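J.: So in numbering that gives the first Met the number 0, spot 377 of the sequence shown is number 376, and the numbers just go up one at a time. Even glycine gets a Cβ: it sits at the ideal position worked out from N, Cα and C. Just so you know, these numbers come straight off a predicted model, no measurement behind them. I'd like to ask you about the structure that follows.
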Amino acid sequence: MKLFQEALLDQLTGNAKDLANQIQSKDALIGVIGLGYVGMPIALEFCKKGFKCVGVDVSEKKVESLNAGKNFIEDLKDEEVADVVAAGLMTAHTDYSVLADADVIFIAVPTPFNANKDPDLEFILAAGAGISGVLKPGQLVILKSTTFPGTTEDYLIPELEKSGLKAGGDFFVAFSPERVDPGNKVYHTGNTPIVVGGIDSISSTLAGWTNRQIIEQVYLVDNPKVAELEKLLENIFRSVNIALVNEMALLCERMGGINVWEVIEAASTKPFGYMKFTPGPGVGGHCIPIDPYYLSWLAREHDFETKFITLAANVNESMPYHVVNLVIREIAKQPVTLGDAKILILGASFKKNVKDLRHSPSEAIILRLIESGIHNIEVSDPWAPTYNAANRVFYSVDLTEESLAEYDCVILVTDHDDFDIPFVVKHAKCVVDTRNMTKDVEEGREKIVLLGEALPKPKLVLEH
């Protein structure tokens, strides 16, 4: 791996040299397929640097909104989006034909898994097919979507080559994984280092040079497979460590007398050899719930089983079940049946202070509650006025003394700063805290069930 240096441009000739010059002069037209959390920040950054950008998305609503200068990505500034649209630097379309004039094309589309938890490359292949219909010599295609090693070379390139052009000769291809952290106020597209792996040195140099226009540090690796796997490693690292503390939380509940949150804080005082992770009701977002299965699927293709990684994913997936079990245990202490119990979930988004609802633990908890016979469920989330989950539409409930008193149990799922937790505890009958949001609450602690802390065990009374 090496840091991109402009000296590499001296080795370019022909179409590659022409493209490098267009990028340097900002005459290159940038195309972005997929105007979501990854694609829109990329497009905006290029426009802010003076490049023209065309976006392609299957959502007519997004396209209409963007062309009207309206921002729909919470981490972007509304005025910046409006300004680049008003200046004619950014336009959005549903038709791939606009990419015929693009010099660089980024693919930033979703990569979900199917019902069997096998990779679903439908959107990448659709993007490849759309590009192949307009592909021309000298274009650079950069795949951003998180995926398994081999996707760029074994799936995307064959689709692009249906154009009759050859990758590495007629056009250039690289993989450069996204590194987006919704809600992060420190790291953004411009100051987050990225990795680039081209199918050859020319593709790597061009992709590195392109990214260098908007990103401070760009690192080059030997090939797309390295870049594809390092992205999975980033996210699986988090998955495994979250699973570790989740298991620790479950153990602390069994042992009694130990609060896992205090254990974690104590361990965090060590200035080396330890990185803090916290337990919770499950994992969410696009990457962590999905990436372990992308790698385990690939491993099976090579007669290898990723036991450790798969186990961690299973532990994390089990947490919503455990949360529901805690709720059921508390309902059993009250004069109400499961069928009549009323539950309030605080937090629909998958992490604090963001609107992102993708793979939120809240949905898994709602599904498990319903399976357990609890159907009177409502949600409160100031970041999500409406929430579609379990084939229902939930409208955010206002938290008042009266509304809180109606519920038999309140589940704290997302630790938004907006929630007044002392107020919630004071007026709720019972609170199941999955994020240690109640750590500073003193009044009403007897109502709180904290994930990772055992309830006092009942004393045995021996008759003589």
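1. Using DSSP with H/G/I as helix, E/B as strand and the rest coil, what is HIS321?
2. Is VAL179 closer than 8 Å to ILE156 when the C-beta atoms are compared?
3. Determine whether the beta carbon atoms of PRO291 and ILE308 lie at a separation below 8 Å.
4. Heavy atom of the ligand NAP less than 7 Å from the Cβ of GLU44, yes or no?
5. Is DSSP giving THR385 helix, strand or coil here?
6. By Cβ distance below 6 Å, which residues in the same chain neighbour GLY127 in space, the five residues on each side in sequence not counted?
7. Looking at the strands, I want to know which residues DSSP matches up with PHE393.
8. Does the Cβ-Cβ distance between ILE130 and LEU98 come in under 8 Å?
9. By Cβ distance below 6 Å, which residues in the same chain neighbour ASP169 in space, the five residues on each side in sequence not counted?
10. Run through DSSP, which three-state label would PHE50 get?
11. What residues match up with CYS408 in a beta bridge as DSSP calls it?
12. Starting from ALA91, trace the beta strand (DSSP E) in both directions and tell me its first and last residue.
13. What first and last residue would you give for the alpha helix (DSSP H) that runs through GLU377?
14. Exposed or buried, which one is GLY132 when buried takes at least 16 other CB atoms within 10 Å?
15. Counting only the same chain and skipping the five closest in sequence on each side, list residues whose C-beta sits under 6 Å from that of ALA388.
16. Is the beta carbon of LYS1 sitting closer than 8 Å to the one on LEU219?
17. Where does SER96 land, buried or exposed, given buried means 16+ other C-beta within 10 angstroms?
18. Out of curiosity, what's the CA-to-CA distance linking VAL244 and LEU325?
19. Among THR277, ALA242, VAL225, which residue has its Cα nearest to the Cα of ILE193?
20. Taking GLY473 as part of the alpha helix (DSSP H), name the residues at either end of that continuous run.
21. What is the DSSP secondary structure of LYS513, reduced to helix, strand or coil?
22. For PHE45, which three-state DSSP category applies?
23. Tell me GLU452's beta-bridge partners as DSSP assigns them.
24. Three-state secondary structure (DSSP) at ALA485?
25. Are the CB atoms of ALA383 and TYR406 nearer to each other than 8 Å?
26. Using alpha carbons as the reference points, say which of PHE45, LEU65, GLY272, GLU63 lies closest to ILE104.
27. Please go through the same chain and pick out, in chain order, the residues whose beta-carbon is closer than 8 Å to the beta-carbon of CYS251, but skip the five residues on each side of it.
28. Residue range of the beta strand (DSSP E) that ILE32 falls in?
29. Which same chain residues, not among the five before or five after LYS60, have their C-beta less than 8 Å away from its C-beta?
30. How far does the alpha helix (DSSP H) with VAL335 in it reach, from first residue to last?
31. Grouping DSSP H, G and I as helix and E and B as strand, with all else coil, what is LEU197?
32. Going by DSSP in three states, ASP432 sits in which element: helix, strand or coil?
33. Leaving out the 5 sequence neighbours to the left and right, which residues in its chain are closer than 7 Å to SER58 when beta-carbon positions are compared?
34. What is the DSSP secondary structure of LEU356, counted as helix, strand or coil?
35. Going by alpha carbons, who is nearest to PRO360 out of PRO278, PHE147, LEU120, LEU134?
36. Does ILE364 come out as helix, strand or coil in the three-state DSSP assignment?
T.: Quick look at the numbers:
1. helix
2. no
3. yes
4. Although the ligand NAP was asked about, the structure shown includes no ligands whatsoever.
5. strand
6. LEU155, GLU158, LEU159
7. Bridge partners of PHE393: TYR386.
8. yes
9. PRO136
10. coil
11. ILE342
12. 89-92
13. The continuous stretches of alpha helix (DSSP H) do not include GLU377, which lies in the beta strand (DSSP E) extending over residues 375-379.
14. exposed
15. GLU362, ILE365
16. yes
17. exposed
18. 18 Å
19. VAL225
20. The first residue shown for the chain is 0 and the last is 463, placing residue 473 beyond what the model contains.
21. This structure gives no information on residue 513, because the portion of the chain shown stretches from 0 to 463.
22. helix
23. ASN258
24. A query on residue 485 cannot be resolved here, the shown segment of the chain reaching from 0 to 463 and no further.
25. no
26. PHE45
27. ILE257, ASN258, VAL259, VAL262, GLY451, GLU452, ALA453
28. 28-32
29. none
30. Counting along the chain, no alpha helix (DSSP H) covers VAL335, and no H or E run does either.
31. First, the amino acid is wrong: residue 197 is Gly here, not Leu. Here GLY197 sits in strand by DSSP.
32. Strand at ASP432.
33. none
34. Three-state DSSP puts LEU356 in coil, outside helix and strand.
35. PRO278
36. helix
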